[in-house]
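Following: one structure in structure tokens, then a few remarks.
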Amino acid sequence: CYKIAQISKDDNSQLAVCRVLLAELEAHKDAWPFLTPVNHKVILGYRKVIKRPMDFSTIKRKLNNNLYFNLDTFIADVNLVFDNCEKFNEDDSDIGQAGHNMRKFFHELLHLKK
Ligand SMILES: Cc1ncccc1N[C@@H](C)c1ccc2c(c1)OCCO2
Numbered sequence: 117c118y119k120i121a122q123i124s125k126d127d128n129s130q131l132a133v134c135r136v137l138l139a140e141l142e143a144h145k146d147a148w149p150f151l152t153p154v155n156h157k158v159i160l161g162y163r164k165v166i167k168r169p170m171d172f173s174t175i176k177r178k179l180n181n182n183l184y185f186n187l188d189t190f191i192a193d194v195n196l197v198f199d200n201c202e203k204f205n206e207d208d209s210d211i212g213q214a215g216h217n218m219r220k221f222f223h224e225l226l227h228l229k230k
């Protein structure tokens with residue numbers, strides 16, 4: 117059967133914005149703790165404490181598999197990365213500080229793009 121999906125233009129442009137935002141996050145000097153999924157076999161307690169793990173590589177895979185409905189659902193996953201970081205890491209730890217820096221950077225990116 118023929119399924120003609122008419123992806124509306126703004127979906128594509130929103131998707132392009134998400135790709136640019138993710139590239140800018142990945143390029144940041146403090147992105148290193150967030151580039152790949154946390155290995156719960158290495159980081160003890162992580163699986164129990166963090167109910168919804170998220171990282172930039174998973175966000176990229178979801179983008180490529182068209183799993184974000186719009187910009188807001190993408191933003192929710194990026195914020196989940198930083199919320200998980202705050203929950204598990206002390207504010208004065210290297211990872212904790214990186215998380216705060218990245219959240220501030222992302223917030224500024226969003227206000228630039230609006
Ligand atoms: C975001 C986050 N929160 C809590 C713990 C880890 C991480 N990141 C992982 C990649 C990570 C970051 C730093 C590491 C590491 C793993 O494994 C041991 C060496 O140092």
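Note that this note's numbering numbers the sequence shown so that position 33 is 149, with each residue one more than the last. C-beta: ideal position from N, C-alpha, C; glycine also.
6 Å Cβ shell around residue i - same chain, five flanking residues per side excluded
{"i": "Y162", "result": "V154 and H156"}
{"i": "A214", "result": "D146 and P149"}
{"i": "F190", "result": "C134 and Y184"}
Residues of its chain near residue i, where Cβ-Cβ distance is below 7 Å and the 5 sequence neighbours each way are ignored
{"i": "L137", "result": "L225"}
{"i": "F221", "result": "H144"}
{"i": "T152", "result": "D171 and S173"}
Residue i Cβ short of 7 Å to ligand 1 heavy atom set
{"i": "T79", "result": "Nothing about residue 79 can be reported from this structure: the residues present for the chain run from 117 to 230 only."}
{"i": "N195", "result": "no"}
{"i": "F221", "result": "no"}
Rounded C-alpha distance that separates residue i from residue j
{"i": "A147", "j": "K178", "result": "18 Å"}
{"i": "L131", "j": "L228", "result": "17 Å"}
{"i": "H144", "j": "V133", "result": "17 Å"}
{"i": "I211", "j": "E140", "result": "19 Å"}
{"i": "C201", "j": "N128", "result": "30 Å"}
{"i": "S209", "j": "R219", "result": "15 Å"}
{"i": "D175", "j": "F204", "result": "According to the sequence displayed, residue 175 carries Ile and not Asp. Between I175 and F204, the C-alpha separation is close to 20 Å."}
{"i": "K230", "j": "R135", "result": "15 Å"}
{"i": "E206", "j": "N217", "result": "14 Å"}
{"i": "D199", "j": "D193", "result": "10 Å"}
{"i": "V197", "j": "E142", "result": "13 Å"}
{"i": "N181", "j": "I159", "result": "28 Å"}
{"i": "D126", "j": "H223", "result": "22 Å"}
Would you say the segment 164-173 touches the segment 184-191, given that touching needs at least three Cβ pairs under 8 Å?
Short answer: they don't touch.
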